[in-house]
Every structure is written in structure tokens, then in C-alpha cells.
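In full-length UniProt numbering, the protein residues as written are 1 to 251.
Below, the structure written as C-alpha cells:
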């Protein structure tokens with residue numbers, strides 16, 4: 001299962017709980033780790049079944065589903081910085097007076113107005129979600145759109161990519177298949193994004209890599225591994241420590 005596709009394709013209830021069930025496995029929508037029915041998982045001297053341990057994982061690794069979602073790029077949440085701050089404080093249970101002091105808001109009525117605006121945004125989102133669901137049932141001409149990866153940065157028209165464009169690009173620049181060498185990286189930005197998305201699949205989730213290991217993996221695809229490494233970080237596919245000592249595939 002592609003966790004990124006599962007994240008965007010799951011139901012609201014599944015997204016709220018942070019995981020989906022696939023056969024006898026529970027898969028975290030936030031990072032892709034899975035647990036399996038029939039296995040007992042130890043944690044802090046206690047033992048949990050697969051479902052309960054998944055809940056413990058989300059709590060310990062991600063804080064909460066709310067914490068994870070609110071930290072996504074504003075192009076993905078649709079929230080302004082101010083709305084993001086308000087939602088965080090509302091979720092934490094901060095009093096209106098505390099919020100006024102924290103954000104420098106003049107009056108309680110202003111906070112009430114912000115709450116109204118957020119509630120209005122929720123109503124609009126529900127209507128829009130249903131409209132899109134109904135549209136999918138009728139629109140026979142819509143191309144299959146590739147989902148934006150959750151850790152994407154600088155989301156813009158470069159991310160308007162169809163499955164057909166992806167297949168053509170990969171076929172052209174990975175003539176020996178996606179696990180083989182890449183012919184060039186001197187391509188347009190949209191094509192760069194497609195190639196980087198494929199290269200990111202060569203790294204394992206939850207694993208920490210040294211710079212040498214990253215270079216070796218990327219060098220098997222293209223000689224200018226330094227550029228590939230830099231772009232993987234720039235586009236939000238990978239993270240790294242400031243000193244370059246550790247690299248990882250971002251959740």
C-alpha cells in the first residue's frame with residue numbers, strides 16, 4: 001500500500017484515528033508503520049494487541065493525529081498562519097483570555113468571530129467534499145491526478161501531475177525500469193518532481209541513513225548524486241540533521 005495515496009484516499013473516520021486496516025494489518029497513515037493481528041507488542045512493561053499498539057505508536061511517535069495534520073504545509077491544510085495558531089490553542093484547551101494574551105488579540109468578541117469563521121470554513125469544506133465525491137461519480141473525462149506527498153514544500157503548479165505524465169516520464173528517463181539507472185536529471189521542474197518521487201522509493205521508512213549510504217543509493221541511479229540528495233531535501237522527500245550526520249525518508 002502506498003501510504004501517501006492511502007492518506008488522501010481514506011475516510012474521515014480513518015484519518016481521525018490515524019490508521020487504516022488492511023486484511024490483518026493496521027497501517028499508520030502518518031508514517032506507514034504497520035502492526036499485525038495475532039502479535040502482541042510490548043511497550044513500557046505492558047502488552048498490547050495490534051490495534052491498541054497502533055494507537056500507542058501514534059501517540060508516542062506523532063503526538064496525536066491533530067498535531068501531525070496541523071503541522072502540514074499551509075497549501076495542504078488551507079489554513080493561514082493565524083488560523084493555524086488559533087486551532088492549536090483551541091485544541092490545547094487554552095482559555096479565550098489566554099489566547100488573547102498569546103496572540104495579542106484585542107477582545108473576546110474578536111476570538112468569537114474567529115471561531116465563527118472557522119465554523120463557516122468547516123461547513124464549506126463539508127459541502128465541497130460531497131460535491132467532489134458526487135463529481136467523481138459522473139466525470140468520465142477527468143485524468144487520474146497523482147496525490148501530493150504529505151511533506152511537500154512550495155506546493156504550486158509543478159504538483160499538477162497526472163498518472164499518464166508520470167508513466168511517460170518514468171519510461172523515458174528510467175528505460176531499464178524504476179530500479180535501474182536514470183538517463184539524465186537535466187529536465188523541467190515537473191519532471192524533476194516525478195523522478196524524485198520515484199527515487200525516494202529506494203529508501204526505507206523509519207530508517208536512519210548516513211550521508212555515505214544516501215550517496216551510494218543515489219549514485220546507483222545517477223552520477224550527480226549530490227544534486228539528487230539536495231533536491232530530495234528541497235522537495236520535502238527527505239530530512240537531514242543540520243550537520244549532515246543523519247538522513248531519513250520523511251513521513
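Cβ atoms here follow ideal geometry from the backbone N, Cα and C, with glycine treated the same way. All of these numbers come straight from a predicted model, not from anything done at the bench.
On the DSSP letters alone, give me the boundaries of the beta strand (DSSP E) that residue i sits inside.
| i | result |
| --- | --- |
| residue 239 | 238-240 |
| residue 20 | 19-22 |
Taking the straight line between their C-alpha atoms, what separation do you get for residue i and residue j?
| i | j | result |
| --- | --- | --- |
| residue 74 | residue 184 | 32 Å |
| residue 125 | residue 207 | 36 Å |
| residue 15 | residue 8 | 9 Å |
| residue 224 | residue 186 | 11 Å |
| residue 70 | residue 77 | 7 Å |
| residue 12 | residue 141 | 26 Å |
| residue 139 | residue 210 | 47 Å |
| residue 111 | residue 59 | 29 Å |
| residue 162 | residue 61 | 33 Å |
| residue 215 | residue 68 | 29 Å |
| residue 107 | residue 95 | 13 Å |
| residue 257 | residue 168 | Examination of residue 257 is not possible in this model, given that the chain is present from 1 through 251 alone. |
| residue 122 | residue 85 | 17 Å |
| residue 197 | residue 212 | 21 Å |
| residue 220 | residue 27 | 30 Å |
| residue 178 | residue 66 | 35 Å |
| residue 81 | residue 222 | 39 Å |
| residue 172 | residue 19 | 36 Å |
| residue 134 | residue 240 | 42 Å |
| residue 99 | residue 154 | 29 Å |
| residue 63 | residue 146 | 28 Å |
On the DSSP bridge assignment, give the partners of residue i in chain order.
| i | result |
| --- | --- |
| residue 249 | 238 |
| residue 173 | Paired residues: none, contrary to the question. |
| residue 34 | 27 |
| residue 225 | DSSP lists no partner for residue 225. |
| residue 145 | 162 |
How far does the alpha helix (DSSP H) with residue i in it reach, from first residue to last?
| i | result |
| --- | --- |
| residue 68 | 65-70 |
| residue 54 | 50-57 |
| residue 105 | That residue, residue 105, is in no alpha helix (DSSP H); it is neither H nor E in DSSP. |
| residue 94 | From DSSP, residue 94 is part of no alpha helix (DSSP H); its letter is neither H nor E. |
| residue 7 | 3-9 |
| residue 140 | Neither: residue 140 is in no alpha helix (DSSP H) and is coded neither H nor E. |
Taking DSSP as the reference, what is the three-state secondary structure of residue i?
| i | result |
| --- | --- |
| residue 43 | strand |
| residue 162 | strand |
| residue 99 | helix |
| residue 208 | strand |
| residue 244 | coil |
| residue 77 | helix |
| residue 132 | helix |
| residue 190 | helix |
| residue 116 | helix |
| residue 155 | coil |
| residue 203 | coil |
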